[in-house]
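Here the structure comes first, spelled out in structure tokens, and everything after it is commentary.
Numbering (the numbering used here), first residue to last: 359 to 712.
Okay, here's the thing in structure tokens:
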């Protein structure tokens, strides 16, 4: 008790305690990112402002008609408290929301208080550094796919590296996690988003989210997203199969909806292998590309609105050709190494934990 209180306490309990400790004459409002205040809205779904029915608190959406608070939103705010779970992956958009909030604080002369939380993938620093010509809503900063930082460490990096507008610096107060280190296994107390609904999905996410840029279903439309990979076109090649369907609040129009998909079942994959290797698994994408009978479709993002371009997802220009040309994993990793080495050196300046 007391060792990881701030980290492991359920989100609703923390929110209730915050409200209970606030004087009646103090205004409280909540800003919600992608997936909404309660993390129960599907990926990419725009969210409107509303009043939370459980608490009566005004909820201001930052994933709809605007992506950061306005001057009017912050006029009656003295301090902005950031308390969001994160999974430590570049294409998980909470860190983008964090920097926009920091920008808004600078613009409106507000201070930010960050209640830091463990990153369940903090052990993993891997993947290519984002080439900024591929900057997008799922990749805004020159960091690897799995960055190995808590949100407070990332905020320190954003300040220190000049990633805020006009290279400004946000005034930060950080409440760190007690007795924490980056190698510590950690299970998020609440699912961070509808499709990251299991610890297995969260641990596989750095490796399997890249399949959002392939003509394969990656478990959306099932109750086990990011832990299965497949396509109807792999029938006869793989024996494992599953059928994506429309699931409200998770994935309503998944790729290959109502079609039997064949491929890899990773639901029981030993994620300790990832922890030990400290590497994103790229063998799965290499294997499935090699097995796919229609290779011209594999990275063709025009085939489905559910797909991203692989360059946007991975963050570099050469990964597509490397996979198509059958380049070895060792050679692919060699191409990542210069950027990763620079990043790891930079990262050390902003760490709060060993």
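All C-beta atoms, glycine included, are put in the ideal place defined by N, C-alpha and C.
On a predicted model such as this, the values are computed, not experimentally measured, just so you know.
Looking at the DSSP output, residue 416 shares a beta bridge with 387 and 409. At a Cβ-Cβ threshold of 9 Å, residue 641 and residue 687 count as neighbours. Under the DSSP assignment, residue 677 falls in the alpha helix (DSSP H) whose first and last residues are 677-682. Distances from the CA of residue 432 to each of 467, 702, 712 and 404 were compared; the closest alpha carbon is that of 467.
Excluding residues up to 5 positions away in sequence, nothing lies with its Cβ nearer than 6 Å to the Cβ of residue 519 in the same chain.
In the same chain as residue 704, and ignoring 5 residues on each side of it, the C-beta atoms closer than 8 Å to its own belong to 515 and 519, in chain order.
Under DSSP, residue 484 forms a beta bridge with 504. Per DSSP, the unbroken alpha helix (DSSP H) holding residue 643 starts and ends at 641-649. Within the same chain, 620 and 621 come within 6 Å of residue 592 by CB-CB distance, once the 5 residues on both sides are set aside.
Taking all protein chains in view, the Cβ of residue 476 is crowded by 16 or more other Cβ atoms within 10 Å, so the residue is classified as buried.
In this structure residue 411 is not in contact with residue 418, their Cβ atoms being roughly 16 Å apart against a cut-off of 8 Å. Contact between residue 569 and residue 576 is confirmed by a C-beta separation of about 4 Å, below the 8 Å threshold. Relative to residue 465, the option among 599, 527, 455 and 498 whose CA is nearest is 527. For residue 509, the enclosing alpha helix (DSSP H) covers residues 509-518. Under the DSSP assignment, residue 588 falls in the beta strand (DSSP E) whose first and last residues are 586-589. CA-CA distance, residue 653 to residue 531, rounds to 50 Å. Look at residue 497 here: in three-state DSSP terms it is strand. For residue 542, there is no enclosing alpha helix (DSSP H), as DSSP marks it with neither H nor E.
Here residue 575 carries a strand assignment [DSSP, helix/strand/coil]. Taking 9 Å as the cut-off, the beta carbon of residue 486 is found closer than this to the beta carbon of residue 503.
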